[in-house]
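Colleague: Here this note's numbering = 1-based position in the sequence shown + 605. Just so you know, even glycine gets a beta-carbon here, dropped at the ideal spot from N, CA and C.
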Amino acid sequence: MTVVGVTFHRYRDDAVASVDTVAAWAHANGVRVVAQADDVEALRGRVAHEPESVASLIDVDVVVSLGGDGTMLRTVRALNGHPTPIIGVNIGTRGYLTRVEPHDVAEALKRFVHGREGVDFSFDDRMMLSAVVSAPSSGSESTWFALNEVVFEKSESGHTVKLDVSIDGVDFATYTADGLIVATPTGSTAYALSARGPVLSPRLRAVLLTPVSPHMVFDRSLVLDPAEDVVVTVGGYRPVEVSVDGHRCVELNVGQSMKVSAAQYVARLLRFEDRRFHQILRQKFGLVE
């Protein structure tokens with residue numbers, strides 16, 4: 606039996622209504638539909654067809670993400686590096702990552718469950734980053750995966766931070782800035798764009814370094830080969846907060862380092878039409894005359 610997982614924006618009624626649409630379609634077509642326990646709890650009394658509660662989504666056949674790009678990032682985080690296909694349903698504002706409109710979600714599910722790759726749907730594999738830090742006392746490692754970016758930022762307002770960056774084991778520069786963004790091509794249209802970084806095609810494999818409000822002569826972004834590892838070490842005398850795809854993960858103290866590199870995993874998005882990245886960019890930025 607096909608198993609469909611759902612994630613959704615808990616505070617949008619239209620996203621909750623779409624959960625009902627997905628669950629109703631699944632029940633009518635002999636498909637099992639599940640959601641993580643906390644999401645099921647948030648649905649209590651709000652839907653007619655409630656998904657089954659599960660501890661994890663990593664074993665499902667496909668996940669339907671109902672919301673905006675933030676919900677999509679939460680979905681990717683829940684999969685924790687597993688390349689489970691994701692149907693992104695656009696119930697948001699920007700929608701760079703979400704390709705399906707709410708009224709088409711049942712048709713999208715039908716095409717994936719009963720269709721063929723290359724005919725009814727295709728995979729859009731997106732590069733991800735891995736961020737690894739070692740605990741000072743035990744030396745044990747913690748790892749996070751990012752679809753958009755890993756951000757090193759000041760934890761105190763009114764101050765800059767110093768970040769020593771090495772590339773493939775060779776010292777590169779010390780950034781004095783409000784922060785530093787290490788992004789994927791997919792993430793180039795997220796926080797890095799607000800920091801005036803370049804826009805990269807998500808079909809590329811690259812690592813993008815963009816400083817946030819730098820106080821230094823070198824204030825440009827740097828585009829690296831995905832095989833080049835980046836190590837960021839906290840300098841100066843102020844700690845740094847690290848966020849992965851907008852989710853705060855850890856605080857690094859002075860002298861601590863984090864290694865950011867291309868992950869061996871991808872985020873596998875589902876596409877149902879041949880709509881190019883530059884077409885989406887043109888629409889989202891109002892470049893249509």
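Hey, how far is the Cα of V737 from the Cα of S818?
Modeller: Rounded to the nearest angstrom, the two C-alpha atoms are 25 Å apart.
Colleague: Could you check how far apart the C-beta atoms of E746 and S735 are, in whole angstroms? I think they sit under 8 Å.
Modeller: About 11 Å; that fails the 8 Å criterion.
Colleague: Run through DSSP, which three-state label would A795 get?
Modeller: In the structure shown, A795 sits in coil (DSSP, three-state: anything other than H, G, I, E or B).
Colleague: Hey, F717 and I692 are a contact pair by Cβ (cut 8 Å); roughly how many whole angstroms apart?
Modeller: Contact holds; Cβ gap of about 7 Å.
Colleague: Would a C-beta distance cut-off of 8 Å place E563 and R679 closer than the cut-off?
Modeller: Given a span of 606 to 894 for the chain in the structure shown, any question on residue 563 remains unanswerable.
Colleague: Does DSSP put P816 in a helix, a strand or coil?
Modeller: Strand, per DSSP.
Colleague: I think Y701 touches D674, with their Cβ atoms under 8 Å apart; what is that distance to the nearest whole Å?
Modeller: The Cβ separation is near 6 Å, so the contact holds.
Colleague: Less than 8 Å between the beta carbons of E761 and S848, yes or no?
Modeller: Taking 8 Å as the Cβ cut-off, E761 and S848 do not qualify as a contacting pair.
Colleague: Note down, in chain order, each residue of its chain lying with its Cβ closer than 7 Å to the Cβ of H883, except the 5 sequence neighbours on either side.
Modeller: For H883, where only same-chain residues beyond five positions count, there are no Cβ hits under 7 Å.
Colleague: Between S670 and the rest of its own chain, which residues show a CB-CB distance below 6 Å, the 5 nearest in sequence each way excluded?
Modeller: Cβ neighbours of S670 beyond the five flanking positions: T612, T676, M677, T680, I691 and G693.
Colleague: Could you check the C-alpha separation between G860 and V609 for me, to the nearest Å?
Modeller: About 44 Å.
Colleague: Under a Cβ-count criterion, where at least 16 other Cβ atoms within 10 Å of its own Cβ denotes burial, should F726 be classed as buried or exposed?
Modeller: Buried: at least 16 other Cβ atoms inside 10 Å.
Colleague: For R617, which of L648, V839, D643 and P807 has the nearest alpha-carbon?
Modeller: Per the Cα distances, L648.
Colleague: Between which two residues does the alpha helix (DSSP H) harbouring L682 extend?
Modeller: This sequence places Arg at residue 682; Leu is not what is there. Counting along the chain, the alpha helix (DSSP H) containing R682 begins and ends at D674 to L684.
Colleague: Tell me the residue span of the alpha helix (DSSP H) that contains D643.
Modeller: Its alpha helix (DSSP H) spans residues A642 to L648.
Colleague: For my contact list, D834 and S866 are in at a C-beta cut-off of 8 Å; report their separation, rounded to the angstrom.
Modeller: Indeed, because the Cβ distance is near 4 Å, the residues count as touching under 8 Å.
Colleague: What are the start and end residues of the alpha helix (DSSP H) that includes H883?
Modeller: H883 -> alpha helix (DSSP H) spans F882 to K889.
Colleague: Taking a contact to mean a Cβ-Cβ separation below 8 Å, would you say T779 touches A800 in this structure?
Modeller: In this structure, A800 does not lie closer than 8 Å to T779 by Cβ.
Colleague: Report buried or exposed for G802, applying the criterion of at least 16 other Cβ atoms within 10 angstroms of its Cβ.
Modeller: So G802 ends up on the buried side.
Colleague: Report the three-state DSSP secondary structure of V710 (helix, strand or coil).
Modeller: Three-state DSSP puts V710 in a helix.
Colleague: Using only alpha-carbon positions, find the residue among A633, V667, L662 and N634 that is nearest to V899.
Modeller: Residue 899 lies beyond the stretch modelled for the chain, which goes from 606 to 894, so this question has no answer here.
Colleague: Out of curiosity, what's the CA-to-CA distance linking P844 and V652?
Modeller: Using only the alpha carbons, I get a separation of about 45 Å.
Colleague: Beta carbon of V828, beta carbon of L813: below 8 Å?
Modeller: Taking 8 Å as the Cβ cut-off, V828 and L813 qualify as a contacting pair.
Colleague: Exposed or buried, L684, counting other C-beta atoms within 10 Å across all chains shown (16 or more means buried)?
Modeller: L684 is buried by the Cβ-count criterion.
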